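First comes the structure, then the notes that go with it.
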Amino acid sequence: MRVRLNKFLADAGVCARRKADKLIEEGRVKVNGQPARVGMLIDPERDRVEVDGKLIKPQRKRYFVFNKPCCVLTQLGKDPRGRKTLDEFLKRIPERVYPVGRLDYNTTGLLILTNDGELAQRILHPRYKLPKVYIALVEGRVHPKTLKAMKKGTELEDGFAKPDDVRVIRYEGDDTRLEITFHEGRKHIVKRFLAKFGHKVKELHRIQIGPVKLGKLPPGKIREMTKAEVNQLKHAVGLKD
Ligand code: URA
């Protein structure tokens with residue numbers, strides 16, 4: 117069966133489709149030794165596809181849920197400063213899977229790892245409005261009036277930000293534990309948003325992305341998503357299998 121070259125590259129975990137078109141335009145992709153064209157169809161069984169001279173083999177798509185512990189960088193490969201990276205946790209997975217978005221070094225919780233470039237792109241794109249749910253422990257007692265103001269949103273230096281939902285779970289001494297949901301993934305969005313209301317984040321933990329829940333997975337552990345979870349996730353971002 118013939119497939120579009122950009123889809124083949126995304127399915128092989130090279131990059132998302134749009135980025136694949138860019139690679140093709142830049143002349144970095146060859147099919148059977150000839151420069152590829154944007155929009156061309158290939159036969160994955162017969163055609164030889166290369167990116168920057170490297171042969172691309174079709175990969176089995178894999179989908180994982182990872183509970184990122186504190187003090188781990190959301191990146192593959194080594195850190196020049198010797199901090200822990202995802203490499204340490206992915207040793208037993210033969211496919212090259214990528215983190216979908218980033219969690220800060222000190223943020224814990226749900227990180228999706230996959231080699232499905234198309235799905236990854238949609239999980240992150242605000243257009244698909246996939247909610248990401250966080251538990252934040254913040255300094256100070258969040259006043260009901262502040263909570264009301266939070267629900268209306270606020271201007272940050274890179275534009276307006278409004279959570280899909282925010283609620284107090286409980287007060288813990290002088291601190292407050294909140295549940296806050298955003299469907300966008302701007303850098304440090306939760307910390308910057310809460311700081312704008314005078315509440316510094318002490319701990320941040322992500323518990324859910326769309327229909328996928330972290331559940332009781334211990335920190336540092338990784339599990340394969342169930343077929344049902346993958347289907348629900350695809351459905352949530354308008355992808356049918
Ligand atoms: N928002 C943040 O501020 N940090 C994260 O790690 C994720 C969302």
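In my numbering, the protein residues as written are 117 to 357. In this text, a Cβ means the ideal position worked out from N, Cα and C, and glycines have one as well. Being a predicted model, the structure only gives us computed values, none of them experimental.
Query                                                                                                                                                                        : Result
For residue 145, which residues of its own chain have a beta-carbon under 8 angstroms away from its beta-carbon, when the five flanking residues on both sides are left out? : 121, 125, 136, 139, 151, 152, 165, 166 and 167
Quick one: using the 10 Å Cβ neighbour count with 16 as the cut-off for buried, is residue 233 buried or exposed?                                                            : buried
Note down the Cα distance separating residue 205 from residue 175, rounded to an integer number of angstroms.                                                                : 20 angstroms
Expressed to the nearest angstrom, what Euclidean distance is found between the alpha-carbon atoms of residue 306 and residue 300?                                           : 10 angstroms
Under the DSSP definition of a beta bridge, which residues are partnered with residue 275?                                                                                   : 272
Skipping 5 residues on each side, what residues in its chain have a beta carbon closer than 8 angstroms to that of residue 279?                                              : 266, 267, 269, 296, 297, 298 and 309
Tell whether a beta-carbon distance below 9 angstroms holds between residue 180 and residue 229.                                                                             : yes
What are the start and end residues of the alpha helix (DSSP H) that includes residue 137?                                                                                   : 133-141
Please state whether the Cβ-Cβ distance between residue 149 and residue 231 is less than 9 angstroms.                                                                        : no
What alpha helix (DSSP H) runs, 4 residues minimum, are completely inside the region 224-309?                                                                                : 233-240 and 260-268
Just to check, is the beta-carbon of residue 220 closer than 8 angstroms to a non-hydrogen atom of the ligand URA?                                                           : yes
Which residues does DSSP list as the beta-bridge partners of residue 158?                                                                                                    : 119
Please tell me whether, using a cut-off of 8 angstroms, the distance from the CB of residue 272 to the nearest non-hydrogen atom of the ligand URA is below it.              : no
Measuring only from the beta carbon, is residue 305 closer than 8 angstroms to any heavy atom that is part of the ligand URA?                                                : yes
Figure out for me which residue from 318, 253 and 248 has the closest Cα to the Cα of residue 328.                                                                           : 248
Is it true that the CB of residue 257 sits closer than 9 angstroms to the CB of residue 221?                                                                                 : no
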